[in-house]
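Residue numbers (the working numbering): 2 to 158.
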Amino acid sequence: MDLVIYFLLFILAFVGMEFVAWVTHKYVMHGWLWSLHKDHHTGSNHTLEHNDWFSFIFAMPSFIFIFFGFMFQIYSIVAIGFGMTAYGVAYFVVHDIFIHQRIKLFRNVDNNYLRVLRRAHKLHHKHLQKEEGESYGFLFVNKKYYDMDKNSLLDSK
Ligand SMILES: [Zn+2]
Ligand SMILES: [Zn+2]
Numbered sequence: 002m003d004l005v006i007y008f009l010l011f012i013l014a015f016v017g018m019e020f021v022a023w024v025t026h027k028y029v030m031h032g033w034l035w036s037l038h039k040d041h042h043t044g045s046n047h048t049l050e051h052n053d054w055f056s057f058i059f060a061m062p063s064f065i066f067i068f069f070g071f072m073f074q075i076y077s078i079v080a081i082g083f084g085m086t087a088y089g090v091a092y093f094v095v096h097d098i099f100i101h102q103r104i105k106l107f108r109n110v111d112n113n114y115l116r117v118l119r120r121a122h123k124l125h126h127k128h129l130q131k132e133e134g135e136s137y138g139f140l141f142v143n144k145k146y147y148d149m150d151k152n153s154l155l156d157s158k
């Protein structure tokens, strides 16, 4: 029984992180910490971007959850910590590798969802300023980008 609850908490934390990522991206990264996020939009000639600090910042709470969860043997907290970590890993694989090709992998993956997700994120990158962007979320893609994708597929026929 416990396992089911841990699993649900894991999923909940994973999904919840999408919301956290959206809020943080829109109001913090494009807000008072724009100085760290800016080079992810305007490009930098370094292998590491200032933006990578956010990976550390985001990793901290999940580490704390897992660490203290094990220490006090409260495994529901551990499950939440792993859900957050899994989101971070998914974010890195999809955002940094698949979309931005920081490691040349999965270049030819063609899947409806991933193609639409990449387009939505590329449109986010079109905006070079702090304000007036779009598509701050990540793994959850707004329906309008699916429609856009459908239309461009029809156009190319
Ligand atoms: Zn951004
Ligand atoms: Zn990006």
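The beta carbon of each residue, even a glycine, is placed where N, CA and C say it ideally should be. Note that this is a predicted model, so its numbers are computed, not measured.
Residue burial classification, residue i (beta-carbon count within 10 angstroms, cutoff 16)
i	result
residue 117	buried
residue 86	buried
residue 56	exposed
residue 44	exposed
residue 71	exposed
residue 48	exposed
residue 99	buried
residue 104	exposed
residue 144	exposed
Residue i, enclosing alpha helix (DSSP H) - first and last residue
i	result
residue 8	3-24
residue 27	Unbroken run through residue 27: none, as it is neither H nor E.
residue 146	144-156
Whole-number beta carbon distance between residue j and residue i, since they are thought to touch under 8 Å
i	j	result
residue 59	residue 89	6 Å
residue 84	residue 15	4 Å
residue 124	residue 132	Contact flag wrong, Cβ pair sits at about 15 Å.
Practice prompt. Would you list, in sequence order, the uninterrupted alpha helix (DSSP H) runs of no fewer than 4 residues that lie entirely inside the segment 33-115?
Written response: Complete alpha helix (DSSP H) runs here, min 4: 35-43, 54-72 and 76-92.
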